[in-house]
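With my numbering applied, the sequence shown closes on residue 375, and no number is skipped along the way.
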Amino acid sequence: MLVVLAMALVACSSSAADEEPVVKVAFFQDLSVPDHVDLVSPSFLAFDTVVERRLGDRATRAEIVQFDTRGDASTAIEMAEDVAADPSFVLAVAAPFWHEPAEVARSLAEAGVPTISLSPVSPSPWLAASPPPGEADELWRRLVPDRSGEASLLAEIASRTSPEGVPQPVCLVRDGSSYGRGLIDQVTRELSDWPSTSIDGTDPAAAARAVASARCAVVVWGGFPPGARDLARAMRDAGSARGRPVDLAGDALKTTIPPTSPVGDGVVVGSVACSCVDVSIRPDLASRRFVNAYQSEHGLAPGVYAAEAWDAGRLAAEAIARGAVDRIAMRAMFEDLTTDDGVARTYMFDPDGELIGAEPGLFVAAGTRWLPIPS
Numbered sequence: 001m002l003v004v005l006a007m008a009l010v011a012c013s014s015s016a017a018d019e020e021p022v023v024k025v026a027f028f029q030d031l032s033v034p035d036h037v038d039l040v041s042p043s044f045l046a047f048d049t050v051v052e053r054r055l056g057d058r059a060t061r062a063e064i065v066q067f068d069t070r071g072d073a074s075t076a077i078e079m080a081e082d083v084a085a086d087p088s089f090v091l092a093v094a095a096p097f098w099h100e101p102a103e104v105a106r107s108l109a110e111a112g113v114p115t116i117s118l119s120p121v122s123p124s125p126w127l128a129a130s131p132p133p134g135e136a137d138e139l140w141r142r143l144v145p146d147r148s149g150e151a152s153l154l155a156e157i158a159s160r161t162s163p164e165g166v167p168q169p170v171c172l173v174r175d176g177s178s179y180g181r182g183l184i185d186q187v188t189r190e191l192s193d194w195p196s197t198s199i200d201g202t203d204p205a206a207a208a209r210a211v212a213s214a215r216c217a218v219v220v221w222g223g224f225p226p227g228a229r230d231l232a233r234a235m236r237d238a239g240s241a242r243g244r245p246v247d248l249a250g251d252a253l254k255t256t257i258p259p260t261s262p263v264g265d266g267v268v269v270g271s272v273a274c275s276c277v278d279v280s281i282r283p284d285l286a287s288r289r290f291v292n293a294y295q296s297e298h299g300l301a302p303g304v305y306a307a308e309a310w311d312a313g314r315l316a317a318e319a320i321a322r323g324a325v326d327r328i329a330m331r332a333m334f335e336d337l338t339t340d341d342g343v344a345r346t347y348m349f350d351p352d353g354e355l356i357g358a359e360p361g362l363f364v365a366a367g368t369r370w371l372p373i374p375s
């Protein structure tokens, strides 16, 4: 009996020793975003795919746990507190369009959970509280330009003058989302004293009439695709497109419509400003490998923010492969992450973890692809 018991104990110990360690990554997203399959899901698919590929034959496995906050502040705070309290979570990722209260960032920061953000508007922990001594460079990296860059680009496009040099009025139409309202508020501040009219786009017919009444040379849409499509139809019905086709681009999130755009100025009907990049037509080897890997895995071309998510997943997987299986080790990786050559861009970070020198792009939506417009 003693021999049998001893052998059983040895077997149990051997089984426990052979068990693969698992670390968890919290992937925070808001799936209440309209058209979230096209706007949010590509980033998760890219992140999950590259982590699986990089760690497939490693002893340590990573489990990507999705948290859908549904745009509800209390839900987001509760989920962040749960992640903070579970030491198996060594990293958090903020998905595109994730726009949650500052308490979320504070909970993660105070628990020492490093965060990679793929959203132009996710809350930095340094907006919620002062950084702990010596930790300002260990907890936060945003891999996309801040939304203020999008606002500046849209304001620059919208600021047109007549042949006589008179500023032309701009209509700023927003949907009912906090994302859309926030963008339009930023564009309004960028336009400063330029003649502009802010319009509530939740009633498309009323918004189209307001656009016609204001005689705007440019219409800027802030919000998500369903509202954009509804406004486009309403503008056609109201005749406020001035006889020209209006296309707010079905998969666009921010769209500018210049119905009387001068030829050759680089701005087209249905142009899209986005903090993301589109590498689908880049000829370099890294871009081609990413596109091929994503397409072979999921059967479709990479969507918005997929390239940045691929870079985020690679960074996470490389850190885990090197032994970052707890928060302290993962923060050490962040501390060393000042520059990185990725698929989307070459990343450079300031002391607060924000991206340096990156600017949003201007695209024209062509079916499921976004084609860059040369500046």
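All residues carry an ideal CB built from backbone N, CA and C; glycine is no exception.
Within the DSSP bridge table, the entry for PRO302 names no partner. Rounded to whole angstroms, ASP175 and PHE224 show a C-alpha spacing of 7 Å. With contacts defined as CB atoms closer than 9 Å, GLY342 and LEU118 fail to qualify as a contacting pair. Under the three-state reduction of DSSP, VAL37 is assigned to helix.
Bounds of the beta strand (DSSP E) holding GLU63 are 61 to 68. Per DSSP, reduced to three states, the secondary structure at GLY342 is coil, with no helix or strand assignment.
DSSP, read as helix, strand or coil, puts SER148 in helix. Between VAL121 and ALA317, the beta carbon gap of about 26 Å keeps them out of contact (Cβ cut-off 8 Å). In the same chain as CYS216, and ignoring 5 residues on each side of it, the C-beta atoms closer than 8 Å to its own belong to GLN168, PRO169, VAL170, CYS171, THR197, in chain order. Pairing GLU359 with GLU138 gives a Cβ-Cβ distance that is not under 9 Å.
Relative to the Cα of ALA312, the nearest Cα in the group ALA273, TYR347, ALA151 belongs to TYR347. One Cα belongs to ASP68, the other to PHE28, and the distance between them is close to 6 Å.
One Cα belongs to ALA324, the other to ILE64, and the distance between them is close to 15 Å. Taking 8 Å as the upper bound for CB-CB distance, VAL272 and PHE363 are in contact here, some 5 Å apart. In the DSSP annotation of this structure, the continuous segment of the beta strand (DSSP E) that includes LEU172 starts and ends at 170 to 174.
Contact between PHE97 and VAL33 holds: their C-beta atoms lie close to 5 Å from each other, under 8 Å. A distance below 9 Å separates the beta carbons of ALA151 and ARG189. Scanning ILE116, ASP57, GLY71, PRO145 for the CA closest to the CA of LEU91 turns up ILE116. Restricting attention to THR49, PRO21, LEU39, the CA atom closest to the CA of ALA59 is found in PRO21. When the alpha-carbon of ARG141 is set against those of GLY361, LEU337, GLY357, ALA344, the nearest one is in LEU337. Rounded to whole angstroms, GLY222 and ASP193 show a C-alpha spacing of 19 Å. The three-state secondary structure of ALA324, taken from DSSP, is coil. Residue LEU31 holds the alpha-carbon nearest to the alpha-carbon of ALA76 among LEU31, ARG282, ARG147, PRO145. For the pair ALA155 and PRO125, the CB atoms are not nearer than the 9 Å cut-off.
Rounded to the nearest angstrom, the gap between the Cα atoms of ALA207 and LEU231 is 7 Å. Distance from the CA of ASP48 to the CA of PRO145, rounded to the nearest whole angstrom, comes to 22 Å.
The three-state secondary structure of ALA111, taken from DSSP, is coil.
Residue pairing from DSSP leaves TRP310 without any beta-bridge partner.
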